[in-house]
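Here is the structure we will look at, set down as structure tokens.
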Amino acid sequence: MDMMVSPRIEEHPLGESFGAELRGLRIAGDLPEAEFSAYLDAFHRHHLLLVRDVPFNPTAQVEFSRRMGPLELHSQTRAMLDTHPEIFCVGNWTVDGVLKANFARGIEQWHADSSYREIPSAASLFYGVICPPEGGETWFIDAAGAYAGLPEATKADIDGLRCVHSLATLAEWGRRHNPDRPPLTEAQTAKWPPVSQPLVRTHPVTGVKSLFLCPAVISHVEGMDAAAGRALIEGLMAHAAQETYIYRHRWRAGDLVIWDNRCLLHTATLFDHEKYQRLMHRTTVAGA
Numbered sequence: 001m002d003m004m005v006s007p008r009i010e011e012h013p014l015g016e017s018f019g020a021e022l023r024g025l026r027i028a029g030d031l032p033e034a035e036f037s038a039y040l041d042a043f044h045r046h047h048l049l050l051v052r053d054v055p056f057n058p059t060a061q062v063e064f065s066r067r068m069g070p071l072e073l074h075s076q077t078r079a080m081l082d083t084h085p086e087i088f089c090v091g092n093w094t095v096d097g098v099l100k101a102n103f104a105r106g107i108e109q110w111h112a113d114s115s116y117r118e119i120p121s122a123a124s125l126f127y128g129v130i131c132p133p134e135g136g137e138t139w140f141i142d143a144a145g146a147y148a149g150l151p152e153a154t155k156a157d158i159d160g161l162r163c164v165h166s167l168a169t170l171a172e173w174g175r176r177h178n179p180d181r182p183p184l185t186e187a188q189t190a191k192w193p194p195v196s197q198p199l200v201r202t203h204p205v206t207g208v209k210s211l212f213l214c215p216a217v218i219s220h221v222e223g224m225d226a227a228a229g230r231a232l233i234e235g236l237m238a239h240a241a242q243e244t245y246i247y248r249h250r251w252r253a254g255d256l257v258i259w260d261n262r263c264l265l266h267t268a269t270l271f272d273h274e275k276y277q278r279l280m281h282r283t284t285v286a287g288a
């Protein structure tokens, strides 16, 4: 059902259980506090928001994102936008033959951004600068809905479990698909040591519980042997990846998709990188 969330902003449902397109939301300029509050309310209700036809304006994206909270600087400094280090560039974008974005050739695993940080990110804002006409989609999982859909006995079994998330584990997984990528430096390894995260986390604003599943980042489940831990993660991931919990976004240039990392998982599909260019700008709101 379509709703009016402020005198100027309309919301229209996207996915089966989450997500909405906002129409009339202005990103650039001094957005009145009432409209920004309406936007935040929609963000917490829907977990994912789409705004179409947003003009290219990196400064506006950074300033709008910062209204949601402090911004992270990504661990991959080589993929930061030169003029705006808060923007992490994703895709196969090159300048004078030099790759200037983070580009993964292999199939991406489901994940939440920055899970390897002690306090994972709160939100990601992803803007389509150059979008291929096919492929390069972003898929999202309603991790809160997936948790709610588990049997009560399973919830009781997993509620207290913790997993170790490691940037080094993610880097090695990525190098299997992209052998030309450099390994982590000693400085990166020291800056981002492995961290323990709950397998079931509680949203700090809404109180909703969700599954915190990042298979390529999780090195092990605490208190379980490696095989049993992997089997548990794989089983929960298979449950969460059912169609009823998924929304698939097909990008077009000018799309801004904003999602709550604290209750959604996401992944990307492949595209023909020999034929097409892709460039996305991501700003990331730090967790608290």
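In UniProt numbering, the protein residues as written are 1 to 288. By construction, the Cβ of each residue, glycine as well, lies at the ideal position given by its N, Cα and C atoms.
Which residue from the options puts its Cα closest to that of residue i?
| i | options | result |
| --- | --- | --- |
| Ala190 | Leu81, Val205, Ser196 and Ser166 | Ser166 |
| Val164 | Ala123, Glu172 and Val217 | Val217 |
| Arg200 | Ser115, Ser17 and Asp159 | Checking the sequence, you will find Val at residue 200 rather than Arg. Minimum Cα distance to Val200 is reached at Asp159. |
| His45 | Glu274, Cys263, Thr169 and Leu270 | The question names His, but residue 45 is Arg in the sequence shown. Checked all of Glu274, Cys263, Thr169 and Leu270; the closest Cα to Arg45 is Cys263. |
| Ser210 | Ala123, Phe36, Ala42 and Tyr147 | Tyr147 |
| Val221 | Gly207, Pro194, Ala241 and Glu243 | Pro194 |
| Phe56 | Leu256, Thr185 and Ala42 | Leu256 |
| Pro13 | Gly136, Glu35, Glu186 and Ala42 | Ala42 |
| Glu243 | Ala112, Glu35, Asp142 and Glu72 | Asp142 |
| Gly287 | Ser115, Lys155, Phe212 and Arg176 | Ser115 |
| Trp206 | Leu40, Phe36, Val95 and Gly15 | The sequence given here places Thr at residue 206; Trp does not occur at that position. Of the listed residues, the one whose Cα sits closest to Thr206 is Leu40. |
| Arg23 | Met237, Ala156 and Ala38 | Ala38 |
| Glu33 | Gly19, Arg8, Ser17 and Glu21 | Arg8 |
| Thr185 | Glu172, Arg176 and Ser196 | Glu172 |
| Ala123 | Val54, Trp259, Phe18 and Thr202 | Trp259 |
| Gly145 | Ile107, His203 and Leu161 | His203 |
| residue 290 | Val95, Gly15 and Asp113 | Given a span of 1 to 288 for the chain in the structure shown, any question on residue 290 remains unanswerable. |
| Ala168 | Arg176, Glu274 and Leu161 | Arg176 |
| Val95 | Pro151, Asp82 and Leu161 | Asp82 |
| Glu86 | Asn92, Trp93 and Gln76 | Gln76 |
| Gly69 | Cys214, Gln197, Leu25 and Leu125 | Leu125 |
| Val208 | Arg117, Arg67, Asn261 and Pro215 | Asn261 |
| Asp272 | Phe18, Leu73, Gly91 and Glu234 | Gly91 |
| Leu236 | Glu118, Thr154 and Glu108 | Thr154 |
| Trp192 | Arg117, Gly223 and Leu161 | Arg117 |
| Leu279 | Leu71, Trp93 and Glu16 | Trp93 |
| Gln277 | Gly128, Ser17, Arg66 and Glu234 | Gly128 |
| Leu270 | Glu108, Arg67 and Gly19 | Glu108 |
| Leu150 | Ala240, Gly223 and Leu170 | Ala240 |
Helix, strand or coil for residue i, going by three-state DSSP, please let me know.
| i | result |
| --- | --- |
| Arg67 | coil |
| Arg176 | helix |
| His273 | coil |
| Glu118 | coil |
| Asp157 | helix |
| Glu137 | coil |
| Leu14 | coil |
| Gly97 | coil |
| Asp170 | Checking the displayed sequence, the identity of residue 170 turns out to be Leu instead of Asp. It is helical. |
| Ala123 | strand |
| Ala253 | coil |
| residue 312 | It is not possible to answer for residue 312, since the shown part of the chain is limited to 1 through 288. |
| Ala238 | helix |
| Ala268 | strand |
Pull up the CB-CB distance for residue i and residue j, whole angstroms please, since I reckon it's below 8 Å.
| i | j | result |
| --- | --- | --- |
| Ile246 | Phe140 | 7 Å |
| Ile27 | Ala60 | 5 Å |
| Thr284 | Val62 | 11 Å between Cβ atoms; not a contact. |
| Pro58 | His84 | 5 Å |
| Glu21 | Glu11 | 7 Å |
| Leu265 | Leu213 | 6 Å |
With a threshold of 8 Å between beta carbons, is residue i in contact with chain D?
| i | result |
| --- | --- |
| Arg105 | Of the protein chains in this structure there is only one, and it is not chain D. |
4-residue-minimum alpha helix (DSSP H) runs that sit fully inside the segment 20-90, ordered along the chain: Note on the segment 20-90: whole alpha helix (DSSP H) runs with a minimum of 4 residues are 33-46 and 58-66, in chain order.
Review point. Are at least three pairs of beta-carbons, each pair with one atom in the segment 179-197 and one in the segment 127-143, less than 8 Å apart?
Key: By the Cβ criterion, the segment 179-197 is not in contact with the segment 127-143, since fewer than three pairs of Cβ atoms, one from each stretch, lie closer than 8 Å.
Could you tell me which whole beta strand (DSSP E) segments of length 3 or greater appear in the segment 181-235? Complete beta strand (DSSP E) runs here, min 3: 195-198, 200-202, 209-211 and 218-221.
Open item on the list: When you compare the segment 244-261 with the segment 218-233, are there three or more beta-carbon pairs, one atom per stretch, that lie closer than 8 Å?
Closed with: No, because fewer than three Cβ pairs between the segment 244-261 and the segment 218-233 fall closer than 8 Å, the two stretches do not touch.
### Message
So, does the segment 47-56 touch the segment 92-104, judging by three or more C-beta pairs under 8 Å?
### Response
In short, these stretches do not touch, since the Cβ pair count stays below three.
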